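Here the structure comes first, spelled out in structure tokens, and everything after it is commentary.
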Amino acid sequence: MFTLHERLKNDTAEIVSLKLCIVLLMKDSSFPWLILVPKREGVREIHELSPDDRITLMEEMTLASMAIEKVYSPDKINIGALGNLVPQLHIHVIGRFAADRAWPGPVWGSGQAVPYGADELKSAVSALKEIFNQSARSGL
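Numbering (our numbering), first residue to last: 409 to 548.
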């Protein structure tokens, strides 16, 4: 049975559940930051996924990148799977701007998270959810 790691539960808001992954929004308004978590218990690394799951993961990473691009129009999208603090496999998909606090370096360790306000979080979740739903309806 799949269980989301407690730290991911606390640090994110759920956007949508796809074929393989749960898509989460990191609760740091400094960056448009999605996290994809494959719904596979005990998986720590991408190579531990089945070949079919690896293909699905790549497609879902693409959907997440497209969603960030459509909602936020970033200068660049960074994708990474670190897992040093959270051993459960999860993929970060982060929109980056030349003016963000961490540019051009990585977002990790670049300062304190800036929490979303309640309305701002609700709006971000809604906008992203709509993009994922549109993609599903169009067969992407």
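Note that the Cβ used here is the ideal one computed from N, Cα and C, for glycine as well.
Treat the numbers as computed from the prediction; the structure is a model and nothing was measured.
Query: Thr470, enclosing beta strand (DSSP E) - first and last residue; Result: From DSSP, Thr470 is part of no beta strand (DSSP E) but of the alpha helix (DSSP H) over Pro459 to Tyr480.
Query: Where Asn541 sits in the DSSP three-state scheme; Result: helix
Query: Best match in Ile430, Pro482, Asp436 and Trp441 for proximity to Thr464 [C-alpha to C-alpha]; Result: Ile430
Query: For His498, the three-state DSSP class (helix, strand or coil); Result: coil
Query: Sequence-distant residues of its chain with Cβ nearer than 6 Å to Leu426 (five each side left out); Result: Glu468
Query: Inter-residue Cα distance where the pair is Pro440 and Glu528; Result: 12 Å
Query: Inter-stretch contact at 8 Å, needing at least 3 Cβ pairs: the stretch 534–543 / the stretch 447–461; Result: no
Query: Beta-carbon proximity list for Arg452, same chain, < 8 Å, skipping 5 on both sides; Result: Gly491, Pro495, Gln496 and Leu497
Query: Check whether Lys478 and Arg504 have beta carbons under 8 Å apart; Result: no
Query: CA nearest to the CA of Arg545, picked from Glu422, Leu457, Ala489 and Leu471; Result: Leu471
Query: Distance, Ala506 Cα to Ser481 Cα; Result: 12 Å
Query: Segments of 4+ residues assigned as alpha helix (DSSP H) that fall wholly inside the stretch 417–448; Result: none
Query: Coil, strand or helix - Arg415 by DSSP; Result: helix
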